[in-house]
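In the numbering used here, the protein residues as written are 42 to 485.
Encoded structure:
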């Protein structure tokens, strides 16, 4: 049968001609049309005129908004640091027990968050408060584990299986210890490091052991194995580790600006909480955190930590349409601003992760979760904030005005006018970029 396949049974024919034609049509429509380019250009201009300079909280529940406002007043810090600490703690408490699936990709609420501010802006205290219930939970688990091990030693026949230690938070550990915990704790971990610089220094120390590659796999939730002479083979399935830390702007370049971290996609994976709206010096406040707030927060995280694994959340159709439109916008931005393309690629992932996190925070039933258009719209606004702060950090890390004032493409066109570029391939090779990037710049 021309254009299709005929099964041996003539009564059962599988005709592939029409599906093939549909697939071809879809492939032809994969590139943006001029109308699409115009649409997303207008959106980009609108976003540039109206950037989101503060992490919004309006989509959260009333009690969550009240806690954030109360903590901002008590700690006398930027509200952004409170919001990021709340997000990081929720991510660590629920771990990989929730996920979402859009028909192609599965995402968990894994976030790599870092608060950026000068010393004295109180960027750390909200983090320490937010994770306190998780630390208390871990301490309780540890005490129960020690007691069970002692009982096992005294009564070896009374236990069917060896006691296991469930842990949620780590702060300072070797890659081997972390991987061991990831293998034993399927719900995942929260790495909380006040000064994230120490974590990056540790990466340098262990760089020969494939540490960066493992961290990239952890971010992606990709299985990996480790082989150690003492412990043998360790297989880590669907690893999960969120990160919450802080850093001062003055050491951003030395910490995150190393070429290897920029080139392999490590640095673009971070969400920078870098407020624009620092206020005037704050007066001392004797307001204290009430027991009511502490109890509400502790109970909320306790419910998440005690929950079981749930089937992947689906999306409302309107939420998927919102996500598609934002994804296409980020594709357009990658086309227009190649130097920020890795960041835009990660924001395409983070939009789903943040929507999942928000739905976990505000939803009524995480065991049967459907990500709403409200959560997706809010997640997109969060991503717009992180797009803005990523640009700020990129400027500091690269220490280059050319990419932010006239752009690399404009420089290439200036070179072409001044010297007449004869070989695009050789120029691209000398600059460490692709020939396509040179060609695109010179065609404008």
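C-beta atoms are modelled at their ideal positions from N, C-alpha and C, and glycine is treated no differently.
Since we're looking at a predicted model, the values are computed, not measured.
Using the three-state DSSP reduction, which class does residue 147 fall into: helix, strand or coil? strand
What are the residues that DSSP puts in a beta bridge with residue 282? 230
Do the CB positions of residue 283 and residue 236 come within less than 9 Å of each other? no
Between residue 183 and the rest of its own chain, which residues show a CB-CB distance below 7 Å, the 5 nearest in sequence each way excluded? 206
Residues bridged to residue 267 [DSSP beta-bridge criterion]: 275
Count the other CB atoms, across all protein chains shown, that sit within 10 Å of the CB of residue 164; report buried if there are 16 or more and exposed otherwise. buried
Decide if residue 425 is buried, meaning its Cβ has at least 16 other Cβ atoms within 10 Å, or exposed. buried
Please name the residue in 204, 120 and 187 whose C-alpha comes closest to that of residue 166. 120
Exposed or buried, residue 108, counting other C-beta atoms within 10 Å across all chains shown (16 or more means buried)? buried
First and last residue of the alpha helix (DSSP H) that includes residue 198? No alpha helix (DSSP H) contains residue 198, which DSSP labels as neither H nor E.
Might you give, ordered along the chain, the residues of its own chain that have their beta carbon closer than 6 Å to the beta carbon of residue 310, omitting 5 neighbours on each side? 153, 260 and 387
May I ask you to list the residues that DSSP assigns as paired with residue 354? 141
Report the CB separation of residue 106 from residue 98 in whole angstroms; it is logged as a contact under 8 Å. 5 Å
When burial is assigned at 16 or more other CB atoms within 10 Å of the CB, is residue 131 buried or exposed? buried
Out of 80, 145, 245 and 146, state which residue places its alpha-carbon closest to the alpha-carbon of residue 300. 245
Start and end residues, beta strand (DSSP E) containing residue 313: 312 to 314
Jot down the residue ranges of each uninterrupted beta strand (DSSP E) in the segment 100 to 182, minimum 3 residues, whole runs only, in chain order. 153 to 157
So does the segment 464 to 471 actually touch the segment 334 to 354, counting three or more Cβ pairs closer than 8 Å? no
Is there contact between the segment 141 to 155 and the segment 172 to 192, where contact requires at least three CB pairs shorter than 8 Å? no
Which two residues bound the contiguous alpha helix (DSSP H) that contains residue 519? Within the shown structure, residues of the chain are numbered from 42 to 485, placing residue 519 beyond reach of any answer.
For a quick check, are the C-beta atoms of residue 297 and residue 257 less than 9 Å apart? no
Rounded C-alpha distance that separates residue 91 from residue 429: 11 Å
Give the range of the alpha helix (DSSP H) segment to which residue 386 is assigned. 382 to 403
For the alpha helix (DSSP H) containing residue 217, name the first residue and the last one. 216 to 225
Compare the Cα-Cα distances from residue 102 to each of 439, 400 and 457 and report the closest residue. 400
Residue 407 and residue 351: beta carbons closer than 9 Å? yes
Between residue 157 and residue 293, what straight-line distance do the alpha-carbon atoms span, to the nearest angstrom? 9 Å
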